[in-house]
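Reading through the structure tokens given below for one structure.
2 protein chains.
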Amino acid sequence: MKNPIENLNKIFDSRIRLGIMSALMVNDEVNFNDLKELIQVTDGNLASHLKTLEENAYVDVKKGFIGRKTNTTYAVTKAGEKAFKAHLQALEEMIKGMG
Amino acid sequence: MKNPIENLNKIFDSRIRLGIMSALMVNDEVNFNDLKELIQVTDGNLASHLKTLEENAYVDVKKGFIGRKTNTTYAVTKAGEKAFKAHLQALEEMIKGMG
DNA sequence: TATTATTACTTTGAATTACAAAGTACTTCT
DNA sequence: AGAAGTACTTTGTAATTCAAAGTAATAATA
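Protein sequence lines correspond, in order, to chains S and R.
In this text, residue positions in the first sequence follow the numbering used here: the first is 1205, and each later residue adds one.
In this text, residue positions in the second sequence follow the numbering used here: the first is 1205, and each later residue adds one.
This is the structure:
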């Protein structure tokens, strides 16, 4: 038997970061408030998890406008997509290893 | 879009507890040292994560012997199996939600 | 024009969690 | 007798997580 968790990415241990990534994998971009609504976190908390993802270059920020209102949207980077897919792969292997 | 993480079990956010559960799902029972080897944790750390799982009634302890040596083995409970399967289900739904 | 609201944060502080290391009790092997 | 193994518990620290409050900029409302 081999270590079932060695290929899991520590960044994605956090359910909130998992949720963010999974939302960003589906949609080309998602704005701050929609993410907040979706994942049910406080804005401060969301901002700090997004920051962690940004620091790891898994997520990009795009500051824009809807009409005249500020609208910050987030999107996964290539690296983020790759890392997340690898994590899912590791999860699948862990589950498969369970026959 | 619905919250992708609401059905994830918080107990299984921890990679180590995930690893323990996944090892116990495959094998009817696994002893302390094999788990330690497999998951690569210190014994104190392993013991405390096992305790968390025991407290949640996801895991049972069986104290026995191999010859004359003490041998403590761990096994998933019915409840643990159910909870873990539900968690995996939630993960799968999260991934599937990603098309 | 004043004020209230909204967006997207940052900062602060507290609580929780995780971890390694050391200590313990019991047994077994040499 | 002494060393080693098993399965812990305890201790202390570090890291993580979180809510709440504060902030700055703009926009909507009265």
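Here a beta-carbon is modelled for each residue, glycine too, at the ideal position from N, C-alpha and C.
Quick caveat: nothing in here was measured; it's all calculated off a predicted structure.
query: Cβ contact (3+ pairs, closer than 8 Å) linking the region 1225–1233 of chain R and the region 1231–1244 of chain S; result: no
query: Pro1221 (chain R) at chain S interface by Cβ criterion, 7 Å; result: The sequence shown places Arg at residue 1221 (chain R), not Pro. By this cut-off, Arg1221 (chain R) is not an interface position.
query: Listed by chain order, chain S residues near Gly1301 (chain R) by CB distance under 8 Å; result: Ser1226 and Val1230
query: Residue interval of the alpha helix (DSSP H) (run including Val1230 (chain R)); result: Arg1219 to Val1230
query: CB contact below 7 Å: Ile1209 (chain R) versus chain S; result: yes
query: Inter-residue Cα distance where the pair is Thr1274 (chain R) and Lys1206 (chain S); result: 24 Å
query: Chain-ordered neighbours of Asp1217 (chain R) on chain S, where CB pairs are closer than 8 Å; result: Asp1217, Ser1218 and Arg1219
query: Counted within 10 angstroms of its Cβ, other Cβ atoms place Val1230 (chain S) as buried (16 or more) or exposed; result: exposed
query: Cβ-Cβ distance between Asn1213 (chain S) and Ala1279 (chain S) below 7 Å; result: no
query: CB contact check: Leu1257 (chain R) to chain S, cutoff 7 Å; result: no
query: Listed by chain order, chain S residues near Leu1292 (chain R) by CB distance under 8 Å; result: Ile1299
query: Length of the line joining the Cα atoms of Leu1302 (chain R) and Glu1210 (chain R); result: A small fix is needed here, since residue 1302 (chain R) is Met in this sequence, not Leu. If you take the alpha carbons of Met1302 (chain R) and Glu1210 (chain R), they lie about 15 Å apart.
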